[in-house]
Structure formats: structure tokens, C-alpha cells
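Input: a single structure, listed below in C-alpha cells.
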Amino acid sequence: MQPLKRDFIYDHRAQQAALPVQIHHEDGGTSESLLVLTPGQVELYHIQLEQLIKSREQAKERQR
83 MQPLKRDFIY DHRAQQAALP VQIHHEDGGT SESLLVLTPG QVELYHIQLE
133 QLIKSREQAK ERQR
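Letter by letter, the sequence shown follows residues 83 to 146 of my numbering.
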């Protein structure tokens, strides 16, 4: 599964976010779907991605 280069979708009624993804099947085929996230999951992934970005920036600085 990999994220598609599209914007997240937010459903305020369901209080969920959805990320368009492409599913890779064992037979080599692909299909599109949505990865549905709760507000808590969105917050958690925000924190984790922010930490990942900072780590990457720090590694780049050390290489200079």
C-alpha cells in the first residue's frame, strides 16, 4: 500500500480523515482505496512524521 499524491479528505460528520492509497496485490495488480483515520490517529501520525522530518534534517546537517 502506498499513499497517492492527493489531498487528505476530512469528513466532519464522521470526524474522520481519509487518505487515498494504492493497494498492490500479490498478482501484480493494483487498486485504489481510502485509509480512514480517527482524529487520534491523525494526531499521532502528525507527531511521528514531525519527528521523522526533524531527524532527517539533523542527519543532513551532520553530513555537511
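No residue lacks a Cβ here, since even glycine has one placed at the ideal position from N, Cα and C.
The alpha-carbon separation between K142 and H128 amounts to approximately 21 Å. Between L126 and L101, the C-beta spacing is not below 8 Å. Judged by DSSP secondary structure, E132 falls within the alpha helix (DSSP H) whose first and last residues are 121 to 145.
Listed in chain order, the non-local C-beta contacts of R88 below 7 Å within the same chain comprise P102, local neighbours out to five positions each way being set aside. In chain order, M83, T112, S113, E114, S115 place their CB closer than 8 Å to the CB of I105, counting only its own chain and leaving out the 5 sequence neighbours on each side.
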